[in-house]
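Step one of this worksheet: look at the structure below.
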Ligand code: AMP
């Protein structure tokens, strides 16, 4: 047996001298460096006692070394377990206790606070910062060659914790084949080739920046410009050297606010991809007007890698997430009965394919609850498939509002509000209501200087939506709460407004 994922990466490498990454300090990182450095990390981990199947938990800043630690873990037969850099020590304590990693790698500055939790979980503590850290020292001192540990397609390569907006985060177990099959599909579907240069400004603790972006570039033998974070200054500095960019919708919204975005500055670009949160149809339209490029929107999640994508050739339809990727099946079912629904009917989106994870870490009950008997995974997203086969997402199932016994899909109300003059965007959510169970509520962000008022919005909706869908209250807010992946955190809004309809 061989190492399924790394063998594939190795087999598809361009010449060793070809560039893998350009770093923002001017350093160039070649594919030979990828081989050497990942071997050094694999050696360092093996020397620390990492055995096949051991977890290597990592909470570090974004760097090329952190990517090499990911590859080194895979080569050493371990399971890479990245953690959001925003997690507090108390949260880290939970993850370490749940994952029981053999090694925990953290930022040098956080080591004193996190040491007790690593010890409690029985993990060896190592550090890695940008160009520094105990693990980097060990890797630098280790050999640049390594005999990869045998791992098959179904062995785990990574565990990624879901963002956990309701309840505790769960660890999604991803196999070598989950990652490799999806990345190979994306290379083909999005036509990545050796000459591509990806502008990479996403975090690497999440499926988007780690797998969609990095694995795709590796399996295309292409290269990336690795930026520490999203910063429009950096984007415009490096844009002339790039061919493609992957981003969350907020990247596109922010870049649209910049006068440097135009046809001239983007004319050499081949592809702009968006995902991880809904891209407003308005943003898609404005981007097309300003640059001539139709953003390609795709849909995926931690548990499944990528499921659907708008086409490379053909219509990239704003407000949709395109077609199921080759090898992936998607269907929409009645959430209660599991019965398949017809085109255009809204229900639960379910998916099946080599991309779908192996289950939740140490949580067989939750795993069993999220899979159908025929192997389809219940995504938790509500949506429909239209007559042309495009998938539309209307929101998370848990965001569905049930008011007076009626279902209200927040997206339908949001789309009406977003289309009003003077409105930037909105979030519609339900909060407890003494009479109706839940009351429809809207938070709306307006354009600077816009004269539109909350009551004018509520009034305008009366002509457009059935009475039970109308927000009982509309709040004008400066911005919507978002997480690092640009997702609107409706749980925070529900919390903030939870008492507004309480019985007096
Ligand atoms: P995560 O596991 O953090 O990647 O979050 C996955 C969730 O993000 C999905 O279940 C969807 O609710 C949402 N999501 C991802 N991509 C899109 C998209 N293009 N449009 C709408 N929602 C999306």
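In the working numbering, the protein residues as written are 222 to 725.
Glycine included, every Cβ here is placed at the ideal spot set by N, Cα and C.
With distances taken Cα to Cα, identify the nearest neighbour of residue i among the options.
i: residue 389; options: 313, 417 and 286; result: 313
i: residue 506; options: 346, 364 and 474; result: 474
i: residue 689; options: 634, 480 and 670; result: 634
i: residue 340; options: 352, 323, 629 and 329; result: 323
i: residue 722; options: 655, 714 and 464; result: 655
i: residue 567; options: 528, 616 and 549; result: 616
i: residue 354; options: 295, 416, 290 and 377; result: 290
i: residue 228; options: 612, 650, 666 and 296; result: 296
i: residue 345; options: 352, 335 and 351; result: 335
i: residue 260; options: 369, 403, 251 and 497; result: 369
i: residue 476; options: 464, 460, 541 and 489; result: 460
i: residue 470; options: 448, 483 and 516; result: 516
i: residue 593; options: 342, 422, 325 and 554; result: 554
i: residue 439; options: 683, 239 and 371; result: 239
i: residue 717; options: 508, 698, 442 and 708; result: 698
i: residue 671; options: 223, 692, 644 and 636; result: 644
i: residue 525; options: 380, 622 and 301; result: 380
Taking residue i as part of the beta strand (DSSP E), name the residues at either end of that continuous run.
i: residue 627; result: 627 to 629
i: residue 264; result: Element bounds for residue 264: not the beta strand (DSSP E) but the alpha helix (DSSP H), 252 to 268.
i: residue 528; result: 526 to 530
i: residue 510; result: From DSSP, residue 510 is part of no beta strand (DSSP E) but of the alpha helix (DSSP H) over 502 to 512.
i: residue 624; result: 622 to 624
i: residue 517; result: 517 to 522
i: residue 426; result: First-last for residue 426: undefined, no H or E at that position.
i: residue 445; result: 444 to 447
Three-state secondary structure (DSSP) at residue i?
i: residue 310; result: helix
i: residue 584; result: coil
i: residue 571; result: strand
i: residue 330; result: helix
i: residue 291; result: helix
i: residue 557; result: coil
i: residue 598; result: strand
i: residue 673; result: coil
i: residue 396; result: strand
i: residue 545; result: strand
i: residue 243; result: strand
i: residue 249; result: strand
i: residue 664; result: strand
i: residue 419; result: strand
i: residue 683; result: helix
i: residue 335; result: helix
i: residue 377; result: strand
i: residue 484; result: helix
i: residue 592; result: strand
i: residue 650; result: strand
i: residue 638; result: helix
i: residue 370; result: coil
i: residue 678; result: helix
i: residue 236; result: coil
i: residue 282; result: coil
For the alpha helix (DSSP H) containing residue i, list its first residue and its last residue.
i: residue 227; result: 225 to 232
i: residue 489; result: Where residue 489 is concerned, there is no enclosing alpha helix (DSSP H), given that its DSSP letter is neither H nor E.
i: residue 455; result: 453 to 459
i: residue 562; result: Counting along the chain, residue 562 falls outside any alpha helix (DSSP H), and DSSP gives it neither H nor E.
i: residue 439; result: 437 to 441
i: residue 356; result: 355 to 362
Could you tell me which residues DSSP pairs with residue i in its beta bridges?
i: residue 276; result: 300
i: residue 713; result: DSSP output for residue 713 lists no bridge partner at all.
i: residue 614; result: 604
i: residue 345; result: 324
i: residue 655; result: Partner(s): none; residue 655 has no beta bridge.
i: residue 382; result: 392
i: residue 476; result: According to DSSP, residue 476 bridges with nothing at all.
i: residue 493; result: 466
i: residue 550; result: 573
i: residue 691; result: Per DSSP, none; premise fails for residue 691.
i: residue 350; result: 353
i: residue 644; result: 667
i: residue 697; result: 665
i: residue 703; result: 709
Our contact map puts residue i next to residue j with C-beta atoms below 8 Å; I'd like the distance itself, whole angstroms only.
i: residue 576; j: residue 399; result: 6 Å
i: residue 521; j: residue 428; result: 7 Å
i: residue 278; j: residue 320; result: 6 Å
i: residue 434; j: residue 448; result: At roughly 11 Å, the Cβ-Cβ gap does not stay under 8 Å, so residue 434 and residue 448 are not in contact.
i: residue 326; j: residue 271; result: Actually they do not touch by this definition, with Cβ atoms about 11 Å apart.
i: residue 498; j: residue 708; result: 4 Å
i: residue 572; j: residue 528; result: 5 Å
At a cut-off of 7 Å, would you count residue i as near ligand 2, judging by its Cβ distance to the nearest heavy atom?
i: residue 415; result: This structure simply doesn't include ligand 2; it includes ligand 1 instead.
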